[in-house]
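Visitor: Below: one structure in structure tokens.
Residue numbers (the working numbering): 139 to 291.
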């Protein structure tokens with residue numbers, strides 16, 4: 139009888155280990171899958187939750203301004219460069235782009251994306267498939283005064 143009880147205990151313990159390993163592996167796999175905007179899972183919070191608050195002081199000349207020290211794209215948290223304007227300055231529309239600075243020198247910019255006042259508090263992708271470690275700056279045009287936002291990369 140003792141031998142049967144010991145075998146049942148060993149089998150039950152092994153089953154608990156397998157079940158525990160499966161459930162923790164499922165949770166780990168689900169948590170590590172990156173989500174894009176519009177996704178409703180907790181993984182999207184990781185991307186936008188890592189966003190930094192930025193102030194873009196445009197002055198009053200409505201000329202193009204570049205911001206930052208140079209930002210450096212972080213390892214595949216988002217994979218994209220995303221911007222959410224949280225405080226509107228003065229523009230109609232605000233044009234925003236990303237300029238990349240390759241290690242070999244020079245500057246490569248994306249096309250401008252137009253933001254309207256109705257875009258306040260909405261995430262917008264400015265650049266996609268950004269290589270981690272890439273240096274970049276945010277460039278804005280046709281605007282004045284102060285804009286505030288959140289930047290997620």
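Positions of the beta carbon are idealized from the N, C-alpha and C atoms, including for glycine.
So, is residue 191 buried or exposed, given that buried needs 16 or more other C-beta atoms within 10 angstroms?
Guide: Residue numbering aside, residue 191 sits at position 53 when the chain shown is read from its first letter. Residue 191 should be labelled exposed.
Visitor: Out of 283, 210, 250, 256, state which residue places its alpha-carbon closest to the alpha-carbon of residue 235.
Guide: Position 97 of the chain shown, counted from the first residue, corresponds to residue 235. The candidate whose alpha carbon is nearest that of residue 235 is 250.
Visitor: Nearest to residue 275 by alpha carbon, out of 252, 281, 255, 194?
Guide: Your numbering for residue 275 matches position 137 in the chain shown. Taking only the C-alpha atoms, the option nearest residue 275 is 194.
Visitor: Applying the criterion that 16 or more other CB atoms from any shown protein chain within 10 Å of the CB defines a buried residue, is residue 256 buried or exposed?
Guide: As a first step, residue 256 must be located in the chain shown, where it is residue number 118. Answer is exposed; the Cβ neighbour count stays below 16.
Visitor: Whose C-beta lies closer than 6 angstroms to the C-beta of residue 209 among residues of the same chain, with five residues either side of it excluded?
Guide: Your numbering for residue 209 matches position 71 in the chain shown. Only 274 meet the Cβ criterion.
Visitor: Could you check where the beta strand (DSSP E) with residue 135 kicks off and where it finishes?
Guide: Summary: the structure shown does not reach residue 135, with the chain confined to residues 139 through 291, and so no result is reported for it.
Visitor: Grouping DSSP H, G and I as helix and E and B as strand, with all else coil, what is residue 287?
Guide: Counting from one through the chain shown, the residue named residue 287 turns up at place 149. If DSSP states are grouped into helix, strand and coil, residue 287 belongs with the strands.
Visitor: Can you list, in chain order, the residues of its chain whose CB lies under 7 angstroms from that of residue 290, leaving out five sequence neighbours each side?
Guide: On the chain shown, position 152 is the one that residue 290 refers to. Correct list, in chain order: 185, 186, 188, 189, 216, 220.
Visitor: Can you tell me where the beta strand (DSSP E) holding residue 222 begins and where it ends?
Guide: Position 84 of the chain shown, counted from the first residue, corresponds to residue 222. Here the beta strand (DSSP E) through residue 222 covers 219 to 225.
Visitor: Looking at the strands, I want to know which residues DSSP matches up with residue 232.
Guide: Numbered from 1 along the chain shown, position 94 holds the residue referred to as residue 232. Per DSSP, 253.
Visitor: Run through DSSP, which three-state label would residue 185 get?
Guide: By one-based count along the chain shown, residue 185 stands at place 47. Helix at residue 185.
Visitor: In three-state terms, what does DSSP make of residue 216?
Guide: Here residue 216 is taken as the residue at index 78 of the chain shown, counted from 1. Here residue 216 sits in coil by DSSP.
Visitor: Give a single yes or no on whether residue 222 has its beta carbon closer than 7 angstroms to a heavy atom of the ligand ATP.
Guide: Ligands in the displayed structure: none, and consequently the ligand ATP is not present.
Visitor: In chain order, what residues of the same chain lie with their CB nearer than 6 angstroms to the CB of residue 156, ignoring the 5 residues before and after it?
Guide: Counting from 1 along the chain shown, the entry for residue 156 is found at position 18. A caution first: residue 156 carries a pLDDT of 36, below 50, which makes its placement in the model too unreliable to give a value.
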